[in-house]
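K.L.:
In our numbering, the protein residues as written are 3 to 368. Where is the CB? At the ideal position from N, CA and C, for every residue including glycine. Input: one structure, supplied below.
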Amino acid sequence: MPLSPFLRPDAPALDPATLMDIIALQGDIARLGPELGSVMALVTDRMLALTGATGAVIELAEGEEMVYRAASGMAQEQLGLRLAAGNSLSGLSVRSNSILRCDDSETDTRANREACRAVGLRSMVVCPLTHGTTGTTPAPGGVPSGVPDGVIGVLKLISPTVSAFDGRTEYILRLVSDMIAAAMFHAARFETSQLYHMATHDALTGLPNRALFHDRLRQGLEQARRTSAALGVLILDMDGLKTINDTLGHAAGDAALREAASRIRDAVTAFAVAAGSTGPTVARLGGDEFGILSAPLEDPAVLSAKAERVADALDAPFHFDSATLPLGCSIGQAVFPKDADIPDALIHTTDQRMYQHKRSRKGDKR
(Lines of atoms letter the chains of each structure in order from A and count residues from 1; the text may use other names and numbers.)
(Lines give C-alpha, C1' and ligand atoms only; values in the text may rest on other atoms or scores of the structure.)
Protein backbone atom coordinates (compact mmCIF):
# COMPACT_ATOMS: atom_id res chain seq x y z
CA MET A 1 0.00 0.00 0.00
CA PRO A 2 1.46 3.41 -0.94
CA LEU A 3 2.29 5.85 1.84
CA SER A 4 -0.02 8.74 2.54
CA PRO A 5 1.39 11.98 1.06
CA PHE A 6 1.70 13.28 4.65
CA LEU A 7 4.03 10.37 5.52
CA ARG A 8 6.31 10.34 2.47
CA PRO A 9 9.93 11.02 3.46
CA ASP A 10 10.37 13.48 0.58
CA ALA A 11 7.30 15.53 1.52
CA PRO A 12 8.12 19.24 1.98
CA ALA A 13 7.29 20.87 5.30
CA LEU A 14 4.10 22.92 5.40
CA ASP A 15 3.49 25.71 7.87
CA PRO A 16 0.77 25.14 10.51
CA ALA A 17 -1.64 27.66 8.92
CA THR A 18 -1.48 25.86 5.56
CA LEU A 19 -2.01 22.49 7.25
CA MET A 20 -5.05 23.85 9.08
CA ASP A 21 -6.45 25.22 5.80
CA ILE A 22 -6.00 21.82 4.14
CA ILE A 23 -7.73 20.06 7.04
CA ALA A 24 -10.59 22.57 6.89
CA LEU A 25 -10.93 21.96 3.15
CA GLN A 26 -11.06 18.20 3.76
CA GLY A 27 -13.91 18.70 6.23
CA ASP A 28 -15.84 20.96 3.86
CA ILE A 29 -15.44 18.44 1.03
CA ALA A 30 -16.77 15.67 3.30
CA ARG A 31 -19.80 17.78 4.24
CA LEU A 32 -20.71 18.27 0.56
CA GLY A 33 -20.88 14.50 0.11
CA PRO A 34 -22.07 13.43 -3.35
CA GLU A 35 -22.40 16.97 -4.72
CA LEU A 36 -19.39 16.61 -7.00
CA GLY A 37 -20.06 19.83 -8.89
CA SER A 38 -20.00 21.75 -5.61
CA VAL A 39 -16.88 19.88 -4.47
CA MET A 40 -15.03 20.87 -7.63
CA ALA A 41 -16.10 24.52 -7.35
CA LEU A 42 -15.04 24.61 -3.69
CA VAL A 43 -11.62 23.12 -4.45
CA THR A 44 -10.80 25.52 -7.27
CA ASP A 45 -11.78 28.48 -5.08
CA ARG A 46 -9.66 27.36 -2.12
CA MET A 47 -6.58 26.45 -4.17
CA LEU A 48 -5.85 30.11 -4.87
CA ALA A 49 -5.22 30.94 -1.20
CA LEU A 50 -3.55 27.60 -0.48
CA THR A 51 -0.96 27.84 -3.24
CA GLY A 52 -0.77 31.47 -4.35
CA ALA A 53 -1.89 30.44 -7.83
CA THR A 54 -3.64 33.07 -9.94
CA GLY A 55 -6.14 30.55 -11.30
CA ALA A 56 -7.30 27.01 -10.65
CA VAL A 57 -9.18 24.62 -12.94
CA ILE A 58 -10.65 21.15 -12.84
CA GLU A 59 -10.74 19.69 -16.33
CA LEU A 60 -12.58 16.47 -17.10
CA ALA A 61 -11.59 14.23 -19.99
CA GLU A 62 -14.61 13.91 -22.28
CA GLY A 63 -14.27 12.19 -25.61
CA GLU A 64 -11.08 13.56 -27.15
CA GLU A 65 -11.35 16.85 -25.28
CA MET A 66 -10.47 18.32 -21.90
CA VAL A 67 -13.36 20.42 -20.57
CA TYR A 68 -13.13 23.16 -17.91
CA ARG A 69 -15.79 21.97 -15.43
CA ALA A 70 -14.77 24.20 -12.49
CA ALA A 71 -12.61 27.32 -12.56
CA SER A 72 -11.56 30.21 -10.33
CA GLY A 73 -9.40 33.31 -10.47
CA MET A 74 -8.00 34.21 -13.87
CA ALA A 75 -9.48 30.99 -15.29
CA GLN A 76 -13.06 31.73 -14.20
CA GLU A 77 -14.07 33.31 -17.50
CA GLN A 78 -12.93 30.14 -19.29
CA LEU A 79 -15.51 27.90 -17.56
CA GLY A 80 -16.88 25.49 -20.16
CA LEU A 81 -13.81 25.80 -22.41
CA ARG A 82 -13.04 22.71 -24.50
CA LEU A 83 -9.50 21.89 -25.66
CA ALA A 84 -8.13 18.97 -27.62
CA ALA A 85 -6.69 16.42 -25.19
CA GLY A 86 -4.06 15.23 -27.64
CA ASN A 87 -1.87 18.33 -27.59
CA SER A 88 -2.20 19.68 -24.05
CA LEU A 89 -0.30 19.20 -20.81
CA SER A 90 -3.58 18.25 -19.12
CA GLY A 91 -4.20 15.51 -21.66
CA LEU A 92 -0.67 14.21 -21.19
CA SER A 93 -1.16 14.18 -17.40
CA VAL A 94 -4.32 12.12 -17.82
CA ARG A 95 -2.70 9.67 -20.23
CA SER A 96 0.43 9.23 -18.09
CA ASN A 97 -1.40 9.44 -14.74
CA SER A 98 1.33 11.72 -13.40
CA ILE A 99 1.84 15.25 -12.03
CA LEU A 100 3.37 17.53 -14.66
CA ARG A 101 4.75 21.04 -14.32
CA CYS A 102 5.34 23.61 -17.02
CA ASP A 103 7.57 26.54 -16.03
CA ASP A 104 7.14 28.46 -19.29
CA SER A 105 4.39 27.68 -21.81
CA GLU A 106 6.27 29.61 -24.49
CA THR A 107 9.20 27.17 -24.46
CA ASP A 108 7.66 23.91 -23.17
CA THR A 109 6.69 21.86 -26.22
CA ARG A 110 4.22 19.78 -24.17
CA ALA A 111 1.96 22.82 -23.67
CA ASN A 112 -0.64 24.08 -26.13
CA ARG A 113 0.95 27.49 -26.67
CA GLU A 114 -2.01 29.12 -28.40
CA ALA A 115 -4.47 27.92 -25.76
CA CYS A 116 -2.15 29.17 -23.00
CA ARG A 117 -1.96 32.57 -24.65
CA ALA A 118 -5.75 32.71 -24.92
CA VAL A 119 -6.10 32.05 -21.19
CA GLY A 120 -3.17 34.33 -20.31
CA LEU A 121 -1.02 31.77 -18.51
CA ARG A 122 2.75 31.23 -18.64
CA SER A 123 3.28 28.51 -16.04
CA MET A 124 1.12 25.70 -14.69
CA VAL A 125 1.11 22.43 -12.79
CA VAL A 126 -1.44 19.65 -13.35
CA CYS A 127 -2.32 16.61 -11.26
CA PRO A 128 -4.49 13.68 -12.44
CA LEU A 129 -7.81 12.95 -10.72
CA THR A 130 -8.73 9.33 -10.21
CA HIS A 131 -12.05 7.58 -9.66
CA GLY A 132 -11.62 4.32 -7.78
CA THR A 133 -8.45 2.34 -8.53
CA THR A 134 -6.39 2.81 -11.66
CA GLY A 135 -5.46 0.05 -14.06
CA THR A 136 -4.62 -0.13 -17.74
CA THR A 137 -8.04 -0.65 -19.31
CA PRO A 138 -9.55 2.38 -21.07
CA ALA A 139 -12.40 3.69 -18.95
CA PRO A 140 -16.00 3.79 -20.24
CA GLY A 141 -18.21 6.82 -20.58
CA GLY A 142 -16.43 8.87 -23.21
CA VAL A 143 -12.91 8.98 -21.71
CA PRO A 144 -10.26 9.13 -24.48
CA SER A 145 -8.59 5.91 -25.56
CA GLY A 146 -5.25 5.22 -23.93
CA VAL A 147 -6.27 6.74 -20.59
CA PRO A 148 -5.67 4.54 -17.51
CA ASP A 149 -8.87 3.18 -16.03
CA GLY A 150 -10.16 5.51 -13.33
CA VAL A 151 -8.32 8.68 -14.43
CA ILE A 152 -11.06 11.14 -15.31
CA GLY A 153 -9.39 14.55 -15.44
CA VAL A 154 -6.93 16.93 -13.79
CA LEU A 155 -6.67 19.60 -11.12
CA LYS A 156 -4.60 22.42 -12.63
CA LEU A 157 -3.03 25.56 -11.19
CA ILE A 158 -2.05 28.42 -13.50
CA SER A 159 -0.16 31.71 -13.33
CA PRO A 160 0.64 34.53 -15.79
CA THR A 161 4.27 34.55 -14.56
CA VAL A 162 7.12 32.18 -15.45
CA SER A 163 8.17 29.50 -12.93
CA ALA A 164 5.40 30.33 -10.44
CA PHE A 165 5.23 26.82 -8.94
CA ASP A 166 7.60 24.48 -7.12
CA GLY A 167 7.71 21.18 -5.26
CA ARG A 168 5.65 22.58 -2.37
CA THR A 169 2.85 23.47 -4.80
CA GLU A 170 2.97 19.98 -6.30
CA TYR A 171 2.74 18.48 -2.82
CA ILE A 172 -0.36 20.52 -1.92
CA LEU A 173 -1.86 19.67 -5.30
CA ARG A 174 -1.33 15.97 -4.65
CA LEU A 175 -2.94 16.22 -1.22
CA VAL A 176 -6.01 18.01 -2.53
CA SER A 177 -6.38 15.74 -5.55
CA ASP A 178 -6.40 12.80 -3.11
CA MET A 179 -9.26 14.53 -1.27
CA ILE A 180 -11.23 14.83 -4.50
CA ALA A 181 -10.52 11.17 -5.21
CA ALA A 182 -11.87 10.31 -1.75
CA ALA A 183 -15.01 12.31 -2.50
CA MET A 184 -15.38 10.28 -5.68
CA PHE A 185 -14.67 6.96 -3.98
CA HIS A 186 -18.24 6.60 -2.69
CA ALA A 187 -19.31 6.88 -6.33
CA ALA A 188 -17.10 3.97 -7.43
CA ARG A 189 -20.22 1.87 -7.93
CA PHE A 190 -21.27 4.24 -10.71
CA GLU A 191 -20.22 3.99 -14.34
CA THR A 192 -17.91 6.81 -15.43
CA SER A 193 -20.72 8.35 -17.48
CA GLN A 194 -22.85 8.58 -14.33
CA LEU A 195 -19.95 10.19 -12.49
CA TYR A 196 -19.78 12.87 -15.18
CA HIS A 197 -23.50 13.47 -14.73
CA MET A 198 -22.98 13.96 -11.00
CA ALA A 199 -20.16 16.42 -11.70
CA THR A 200 -22.20 18.51 -14.14
CA HIS A 201 -25.63 18.55 -12.48
CA ASP A 202 -26.94 20.13 -9.29
CA ALA A 203 -27.64 17.45 -6.68
CA LEU A 204 -30.57 19.31 -5.08
CA THR A 205 -32.62 20.14 -8.20
CA GLY A 206 -31.27 17.73 -10.80
CA LEU A 207 -30.70 20.64 -13.18
CA PRO A 208 -27.44 21.26 -15.08
CA ASN A 209 -25.00 23.22 -12.93
CA ARG A 210 -23.04 26.40 -13.69
CA ALA A 211 -20.18 24.54 -15.41
CA LEU A 212 -22.49 22.70 -17.81
CA PHE A 213 -24.46 25.90 -18.47
CA HIS A 214 -21.27 27.71 -19.51
CA ASP A 215 -20.19 24.74 -21.61
CA ARG A 216 -23.49 24.79 -23.52
CA LEU A 217 -23.33 28.58 -23.79
CA ARG A 218 -19.92 28.36 -25.47
CA GLN A 219 -21.10 25.63 -27.83
CA GLY A 220 -24.29 27.56 -28.59
CA LEU A 221 -22.32 30.71 -29.41
CA GLU A 222 -20.02 28.79 -31.76
CA GLN A 223 -23.01 27.36 -33.62
CA ALA A 224 -24.77 30.76 -33.68
CA ARG A 225 -21.71 32.36 -35.28
CA ARG A 226 -21.51 29.63 -37.91
CA THR A 227 -25.19 29.91 -38.80
CA SER A 228 -25.66 33.67 -38.23
CA ALA A 229 -28.36 32.87 -35.67
CA ALA A 230 -29.35 34.62 -32.46
CA LEU A 231 -28.97 33.20 -28.96
CA GLY A 232 -30.75 34.25 -25.78
CA VAL A 233 -29.80 34.11 -22.11
CA LEU A 234 -32.06 34.62 -19.09
CA ILE A 235 -30.72 34.80 -15.55
CA LEU A 236 -33.13 34.93 -12.65
CA ASP A 237 -32.71 35.36 -8.92
CA MET A 238 -35.32 33.98 -6.51
CA ASP A 239 -36.89 36.39 -4.04
CA GLY A 240 -37.10 35.64 -0.34
CA LEU A 241 -34.98 32.49 -0.08
CA LYS A 242 -32.91 33.91 2.78
CA THR A 243 -36.08 34.79 4.68
CA ILE A 244 -37.41 31.26 4.19
CA ASN A 245 -34.12 29.78 5.43
CA ASP A 246 -33.98 32.10 8.42
CA THR A 247 -37.58 31.63 9.53
CA LEU A 248 -38.38 28.02 8.63
CA GLY A 249 -34.96 26.40 8.25
CA HIS A 250 -32.92 25.04 5.37
CA ALA A 251 -35.29 22.13 4.78
CA ALA A 252 -37.92 24.68 3.72
CA GLY A 253 -35.34 26.58 1.69
CA ASP A 254 -34.29 23.41 -0.14
CA ALA A 255 -37.93 22.57 -0.82
CA ALA A 256 -38.47 26.09 -2.21
CA LEU A 257 -35.45 25.70 -4.51
CA ARG A 258 -36.71 22.35 -5.80
CA GLU A 259 -40.16 23.84 -6.37
CA ALA A 260 -38.69 26.84 -8.21
CA ALA A 261 -36.55 24.57 -10.39
CA SER A 262 -39.57 22.45 -11.26
CA ARG A 263 -41.72 25.48 -12.12
CA ILE A 264 -39.01 27.06 -14.27
CA ARG A 265 -38.37 23.81 -16.14
CA ASP A 266 -42.08 23.18 -16.69
CA ALA A 267 -42.70 26.76 -17.84
CA VAL A 268 -39.94 26.82 -20.47
CA THR A 269 -40.78 23.28 -21.63
CA ALA A 270 -44.44 24.20 -22.10
CA PHE A 271 -43.42 27.35 -23.95
CA ALA A 272 -41.12 25.37 -26.26
CA VAL A 273 -43.83 22.79 -26.98
CA ALA A 274 -46.35 25.52 -27.78
CA ALA A 275 -43.84 27.22 -30.08
CA GLY A 276 -42.75 23.95 -31.71
CA SER A 277 -39.11 24.61 -30.80
CA THR A 278 -36.34 22.75 -29.01
CA GLY A 279 -36.43 23.03 -25.25
CA PRO A 280 -33.80 25.38 -23.79
CA THR A 281 -31.20 24.55 -21.13
CA VAL A 282 -32.38 25.35 -17.60
CA ALA A 283 -29.59 25.37 -15.00
CA ARG A 284 -29.08 26.16 -11.36
CA LEU A 285 -26.12 28.54 -11.34
CA GLY A 286 -25.69 28.48 -7.57
CA GLY A 287 -27.55 29.65 -4.48
CA ASP A 288 -30.88 31.11 -5.56
CA GLU A 289 -29.77 31.89 -9.12
CA PHE A 290 -30.96 30.06 -12.24
CA GLY A 291 -30.06 30.40 -15.90
CA ILE A 292 -31.98 29.67 -19.10
CA LEU A 293 -30.21 29.31 -22.45
CA SER A 294 -32.18 29.49 -25.69
CA ALA A 295 -29.99 28.41 -28.60
CA PRO A 296 -30.84 29.05 -31.32
CA LEU A 297 -33.27 31.89 -30.70
CA GLU A 298 -35.58 32.23 -33.68
CA ASP A 299 -37.03 35.58 -32.59
CA PRO A 300 -35.48 37.81 -29.88
CA ALA A 301 -39.00 38.95 -28.93
CA VAL A 302 -39.69 35.38 -27.81
CA LEU A 303 -37.13 35.76 -25.01
CA SER A 304 -39.20 38.45 -23.29
CA ALA A 305 -42.32 36.32 -23.56
CA LYS A 306 -40.44 33.38 -22.08
CA ALA A 307 -39.25 35.56 -19.19
CA GLU A 308 -42.85 36.59 -18.48
CA ARG A 309 -43.97 32.96 -18.51
CA VAL A 310 -41.29 32.02 -15.99
CA ALA A 311 -42.07 35.02 -13.75
CA ASP A 312 -45.77 34.13 -13.76
CA ALA A 313 -44.96 30.53 -12.83
CA LEU A 314 -42.88 31.63 -9.85
CA ASP A 315 -45.37 34.22 -8.60
CA ALA A 316 -47.77 31.56 -7.32
CA PRO A 317 -47.33 30.87 -3.58
CA PHE A 318 -45.58 27.72 -2.39
CA HIS A 319 -47.00 25.51 0.37
CA PHE A 320 -44.55 23.88 2.76
CA ASP A 321 -45.99 21.90 5.68
CA SER A 322 -48.57 24.29 7.12
CA ALA A 323 -46.91 27.46 5.81
CA THR A 324 -47.75 29.35 2.64
CA LEU A 325 -44.60 30.94 1.28
CA PRO A 326 -44.41 33.68 -1.35
CA LEU A 327 -42.11 33.04 -4.28
CA GLY A 328 -41.03 35.35 -7.05
CA CYS A 329 -37.98 36.34 -9.01
CA SER A 330 -36.04 39.09 -10.72
CA ILE A 331 -35.02 38.36 -14.32
CA GLY A 332 -32.42 39.76 -16.70
CA GLN A 333 -32.00 38.94 -20.36
CA ALA A 334 -29.50 39.43 -23.17
CA VAL A 335 -29.31 38.41 -26.82
CA PHE A 336 -26.34 37.46 -28.99
CA PRO A 337 -25.16 39.24 -31.11
CA LYS A 338 -27.16 42.39 -30.30
CA ASP A 339 -26.08 42.80 -26.66
CA ALA A 340 -22.71 41.01 -26.56
CA ASP A 341 -20.73 38.51 -28.58
CA ILE A 342 -18.58 36.65 -26.03
CA PRO A 343 -19.74 34.48 -23.09
CA ASP A 344 -18.59 36.59 -20.13
CA ALA A 345 -19.89 39.84 -21.65
CA LEU A 346 -23.24 38.22 -22.38
CA ILE A 347 -23.52 36.93 -18.81
CA HIS A 348 -22.43 40.31 -17.40
CA THR A 349 -25.09 42.14 -19.38
CA THR A 350 -27.75 39.67 -18.27
CA ASP A 351 -26.66 39.98 -14.63
CA GLN A 352 -26.78 43.78 -14.73
CA ARG A 353 -30.31 43.74 -16.15
CA MET A 354 -31.39 41.23 -13.55
CA TYR A 355 -30.12 43.51 -10.76
CA GLN A 356 -31.86 46.49 -12.38
CA HIS A 357 -35.09 44.50 -12.39
CA LYS A 358 -34.57 43.56 -8.73
CA ARG A 359 -34.05 47.22 -7.75
CA SER A 360 -37.14 48.32 -9.67
CA ARG A 361 -39.28 45.63 -8.04
CA LYS A 362 -38.10 46.70 -4.58
CA GLY A 363 -38.99 50.29 -5.49
CA ASP A 364 -42.49 49.22 -6.57
CA LYS A 365 -43.07 47.59 -3.17
CA ARG A 366 -42.25 50.77 -1.23
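Decide yes or no for the touch test of the region 174-183 against the region 197-213: beta carbon pairs closer than 8 Å, at least 3 of them.
P.N.:
no
K.L.:
Return the CA-CA distance between Thr53 and Asn89, expressed in angstroms with no decimal places.
P.N.:
Taking the CA atoms as reference points, Thr53 sits about 26 Å from Asn89.
K.L.:
Could I get the ranges of all uninterrupted beta strand (DSSP E) runs contained in the region 282-349, with 3 residues as the minimum, in chain order?
P.N.:
Correct list: 283-288, 291-299, 320-322, 325-327, 331-338.
K.L.:
Which of helix, strand or coil does DSSP assign to Met76?
P.N.:
coil
K.L.:
Does DSSP put His133 in a helix, a strand or coil?
P.N.:
Under the three-state reduction of DSSP, His133 is assigned to coil, being neither helix nor strand.
K.L.:
State the DSSP-derived secondary structure class of Ile24, mapped to helix, strand or coil.
P.N.:
helix
K.L.:
Thinking C-beta only, is Leu243 closer than 8 Å to Gly293?
P.N.:
No, they are not a contact pair.
K.L.:
Roughly how many angstroms lie between the CA atoms of Thr138 and Leu131, to the nearest whole one?
P.N.:
Note that Thr138 has pLDDT 39, beneath the 50 cutoff, so the model's placement of it is unreliable and no number is given.
K.L.:
One question on the structure: do Leu299 and Val270 come within less than 8 Å of each other, judged by their Cβ atoms?
P.N.:
No; because the gap between Cβ atoms is not below 8 Å, this pair is not in contact.
K.L.:
Measure the CB-CB distance between Met49 and Leu159 and report whether it falls below 8 Å.
P.N.:
yes
K.L.:
Let me check understanding here. Comparing Cα to Cα, which of Val121, Gly152, Ile154, Glu172 lies closest to Ser161?
P.N.:
Val121
K.L.:
Quick check: the Cα distance between Arg119 and Gln354, rounded to an integer number of angstroms?
P.N.:
29 Å
K.L.:
Expressed to the nearest angstrom, what Euclidean distance is found between the alpha-carbon atoms of Arg286 and Ser95?
P.N.:
31 Å
K.L.:
Helix, strand or coil, according to DSSP, for Leu209 in the structure here?
P.N.:
coil
K.L.:
Pick out the complete beta strand (DSSP E) segments inside the region 25-96, 3 residues or longer, and give them in chain order.
P.N.:
57-64, 67-75, 84-86
K.L.:
Please report how far the alpha carbon of Asp323 lies from the alpha carbon of Thr171, in whole angstroms.
P.N.:
50 Å
K.L.:
What residue range is occupied by the uninterrupted beta strand (DSSP E) comprising Asp204?
P.N.:
No beta strand (DSSP E) holds Asp204; DSSP gives it neither H nor E.
K.L.:
Rounded C-beta distance between Ser92 and Thr46? I'm assuming under 8 Å.
P.N.:
With 8 Å as the limit, Ser92 and Thr46 do not qualify as a contact, their Cβ atoms being about 14 Å apart.
K.L.:
For the ligand HEM, I want to know if Ile294 counts as a neighbour, meaning its beta carbon is within less than 7 Å of at least one of the ligand's heavy atoms.
P.N.:
Among the components modelled here there is no ligand, and therefore nothing to report on the ligand HEM.
K.L.:
By the three-class DSSP mapping on this structure, what secondary structure does Asp239 have?
P.N.:
Collapsing the DSSP output to three states places Asp239 in a strand.
K.L.:
Can you say whether Thr163 is buried or exposed, counting buried as having 16 or more other CB atoms within 10 angstroms of its CB?
P.N.:
exposed
K.L.:
Give the DSSP-derived three-state secondary structure of Ser362 in the structure shown.
P.N.:
helix
K.L.:
Going by C-alpha distance, which of Ile344, Leu85, Ala87 is nearest Leu219?
P.N.:
Comparing Cα positions, the closest option is Ile344.
K.L.:
Can you say whether Lys340 is buried or exposed, counting buried as having 16 or more other CB atoms within 10 angstroms of its CB?
P.N.:
exposed
K.L.:
Considering only residues of the same chain and omitting the five flanking positions on each side of Ala315, which have a CB-CB separation below 6 Å?
P.N.:
Arg265, Ala269
K.L.:
Assuming the contact rule is C-beta atoms closer than 8 Å, Ile246 and Ala258 should be a hit. Round their C-beta distance to whole Å, please.
P.N.:
5 Å
K.L.:
Where do the ends of the alpha helix (DSSP H) carrying Arg115 lie?
P.N.:
Residues 115-121.
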